[in-house]
Amino acid sequence: MIQQNTINTKRDRKKNRYAALILCCMLLLVFVSGCSKNTLNSNKEKDNQQNKTDLPKGSVEETKDECNEHNQEIQETKEGLIEGMTLEEKAGQVLMLAFRNDSEGRSVTHMDKELEKMITTIKPGGVILFSENIEEEEQIKTFIRDLQLSSKIPMFVAVDEEGGRVSRLTGKNMDFPTLPANRYLGQEKEIGFIQETGHQLGSRMKELGFNMNMAPVADVDSNPQNPVIGDRSFGADPYKVGEMATAQALGMIETGVIPVLKHFPGHGDTSEDTHFQQVVLHHTKERMQSIELIPFQKGIDKNLPVIMTAHIMVPAYDEHYPATLSKEIVEGLLRQEMGFNGMVITDALDMAAITESWDNSQAAIKALDAGVDMLLMPPEPEKVHKEIIEAVREGRLKEERLNEAVLRILKLKEPFELMPCPLQNDK
């Protein structure tokens, strides 16, 4: 049962109140343990009624009432909440971890002591799961539930589920809607159908406990030799790509799943793959504005919440750093010129386009300094976590920049019911 906290409203006690709040928060309205009645049909009204979060004990409506009141308090002064967080907690919030295999090389499919130690030490803002982590429906529900129970602040729990060849939730013993590649969806003329595909993906993901999808792809399929995008794109027309990617993203949002528009500023016209090497896109700014940036601008205009950076070099904007590490691209182009105010997350930082040229900790600090808010899959996460803390203490990374990133993360978590709610018994 959830107990209503007694809140002292005096200004001079706010900081202590929020510090105490962080320490006693447990979890989360966000993992889904049931909702088995959801049938993934096109009746969105019915889906929205059935997609409410189930908690293991107590009244859902009573819980929501108390948490909504609590979250309203947080909405008024999120800066106060951040002031009550330790530097270690803030450094953890900007990390999204992956753990495909344990130290013995075995697939990680459940919470064990090794994983629990990592979560409780780093206190990450999110985790991303892969096929290695997923066996069947009850296993993944239990795994996500246990992951969330190990964290005082609810985590983003993400997965790559684009459809086509990038699908982590189909196959094995999973009953999950199978979508064709975006190239084939791009031939559909009804934009409502595309939005419904997002709704279907989101509905099923929400049932399993996921709250973030690393999709849709907003890259334009303008290079037939592209080894990494190709049929993952909705097509060669940037306006259609933007319309369809945005529609699919909005369908996910309807179900309470956070979409991630990727890969900014556009990976569609490359001939190499950033997973394996550094990639350079030699387009002018005029060309970028007329093709690559259009789908992202459409998503920004519809207030999509998250954009993922690509590790590509675009010398027209920055001759020295790839987009993920570039202040000119993240702060200058994406935020100032294009008006994006949401959360920016990197592509996976274990890709060769980053690791071959930058130390793991160096890349993490550089990305944060460039204006990125969340670091996806940093190698050596414990080391990176410590290095962020040291960088702030030594002045190599401004604490104001870290606070800004954490604030964006918390602002995104709140409307998706991922803010902490005080429980009667702390873990």
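Under the working numbering, the first residue of the sequence shown carries the number 2, and numbering increases by one thereafter.
By construction, the Cβ of each residue, glycine as well, lies at the ideal position given by its N, Cα and C atoms.
Short Cβ contact (8 Å threshold) for residue i with residue j
i: valine 229; j: histidine 283; result: no
i: arginine 409; j: aspartate 370; result: no
i: threonine 110; j: glutamate 136; result: yes
i: methionine 112; j: alanine 159; result: no
i: leucine 262; j: methionine 309; result: yes
i: isoleucine 366; j: glutamate 388; result: yes
i: alanine 349; j: proline 323; result: no
i: isoleucine 295; j: alanine 248; result: no
i: proline 421; j: proline 155; result: yes
i: isoleucine 254; j: methionine 213; result: no
i: glycine 126; j: glycine 85; result: no
i: methionine 339; j: glutamine 298; result: yes
Residue i: first and last residue of the uninterrupted beta strand (DSSP E) it sits in
i: leucine 411; result: Where leucine 411 is concerned, there is no enclosing beta strand (DSSP E), although the alpha helix (DSSP H) it sits in stretches over 400-414.
i: alanine 364; result: Element bounds for alanine 364: not the beta strand (DSSP E) but the alpha helix (DSSP H), 361-371.
i: threonine 310; result: 307-310
i: glycine 85; result: It is not in any beta strand (DSSP E) - glycine 85 carries neither H nor E in the DSSP assignment.
i: alanine 159; result: 157-160
i: methionine 344; result: 344-346
i: alanine 99; result: 96-99
i: leucine 130; result: 127-130
Backbone CA spacing between residue i and residue j [nearest angstrom]
i: leucine 96; j: methionine 375; result: 6 Å
i: lysine 190; j: glycine 300; result: 19 Å
i: serine 362; j: glutamine 149; result: 26 Å
i: threonine 87; j: lysine 328; result: 26 Å
i: lysine 91; j: lysine 124; result: 9 Å
i: glutamine 290; j: aspartate 176; result: 41 Å
i: arginine 288; j: glutamate 105; result: 48 Å
i: tyrosine 240; j: aspartate 270; result: 16 Å
i: proline 225; j: isoleucine 195; result: 24 Å
i: asparagine 39; j: proline 217; result: Its pLDDT being 37, under 50, asparagine 39 is placed unreliably by the model, and the measurement read from it follows with that caveat. Their backbone Cα atoms lie some 23 Å apart in a straight line.
i: histidine 200; j: tyrosine 185; result: 18 Å
i: methionine 245; j: glycine 187; result: 7 Å
i: glutamate 418; j: phenylalanine 211; result: 13 Å
i: glutamine 173; j: isoleucine 330; result: Note that residue 173 is lysine in the sequence shown, not glutamine. Cα to Cα, lysine 173 sits roughly 40 Å from isoleucine 330.
i: glutamate 293; j: glycine 372; result: 21 Å
i: leucine 334; j: threonine 285; result: 14 Å
i: aspartate 257; j: valine 407; result: The question names aspartate, but residue 257 in the sequence shown is glycine. Roughly 21 Å between the two C-alpha positions.
i: asparagine 404; j: valine 242; result: 34 Å
i: leucine 30; j: leucine 202; result: Caution applies to leucine 30, whose pLDDT of 32 falls short of 50 and renders its modelled position unreliable; the model cannot decide the point.
i: tyrosine 318; j: arginine 336; result: 14 Å
i: leucine 116; j: serine 151; result: 10 Å
i: asparagine 227; j: serine 272; result: 5 Å
i: threonine 275; j: isoleucine 83; result: 35 Å
i: methionine 378; j: glutamate 89; result: 18 Å
i: aspartate 147; j: lysine 114; result: 12 Å
i: threonine 347; j: threonine 325; result: 6 Å
i: leucine 41; j: aspartate 232; result: Confidence at leucine 41 is low in this model, with a pLDDT of 34, below 50, so its placement is unreliable and the value that follows should be read with caution. Roughly 25 Å between the two C-alpha positions.
i: alanine 368; j: arginine 205; result: 33 Å
i: serine 234; j: isoleucine 390; result: 38 Å
Per-residue burial, residue i [other beta carbons within 10 Å of its own, 16 or more giving buried]
i: histidine 312; result: buried
i: histidine 264; result: buried
i: leucine 220; result: Inspection of the sequence shows that residue 220 is occupied by aspartate rather than by leucine. With 16 or more other Cβ atoms within 10 Å, it is buried.
i: serine 223; result: buried
i: arginine 107; result: exposed
i: arginine 166; result: exposed
i: lysine 153; result: buried
i: asparagine 342; result: exposed
i: lysine 399; result: exposed
i: glutamate 1; result: No statement about residue 1 is possible, as the shown extent of the chain runs from 2 to 428 and does not include it.
i: proline 316; result: exposed
i: leucine 411; result: buried
i: lysine 414; result: buried
i: histidine 71; result: Note on histidine 71: pLDDT 48, under 50, position unreliable in the model; no value is reported.
i: glutamate 208; result: buried
i: glycine 236; result: buried
i: glutamine 50; result: Because the pLDDT at glutamine 50 is just 39, under 50, the model does not fix this residue reliably, and the point stays unresolved.
Endpoints, the alpha helix (DSSP H) within which residue i is located
i: valine 393; result: 382-395
i: lysine 263; result: Counting along the chain, lysine 263 falls outside any alpha helix (DSSP H), though it belongs to the beta strand (DSSP E) covering 262-265.
i: methionine 206; result: 192-209
i: leucine 148; result: 138-150
i: phenylalanine 297; result: 294-302
i: glycine 186; result: In the sequence under discussion, the amino acid at residue 186 is leucine, which differs from the glycine named in the question. 183-186 is the span of the alpha helix (DSSP H), which, as asked, contains leucine 186.
i: alanine 250; result: 239-255
i: alanine 317; result: Per DSSP, alanine 317 belongs to no alpha helix (DSSP H) and is neither H nor E.
i: glutamate 115; result: 114-123
i: glutamine 290; result: 286-291
i: alanine 353; result: 353-356
inquiry  = Pairs of beta-carbons, one from the segment 383-401 and one from the segment 289-309, closer than 8 Å: are there three or more?
reply    = no
query = Is there contact here, the segment 127-134 with the segment 98-106, by at least three beta-carbon pairs under 8 Å?
reply = yes
ask   = Do the segment 390-405 and the segment 106-125 make contact, defined as three or more Cβ pairs closer than 8 Å?
value = no
query = Would you call the segment 180-188 and the segment 136-143 touching, i.e. three or more CB-CB distances under 8 Å?
reply = no
task = Indicate whether the contact test is met: 3 or more Cβ pairs, each with one atom in the segment 272-282 and one in the segment 352-359, closer than 8 Å.
result = These segments touch.
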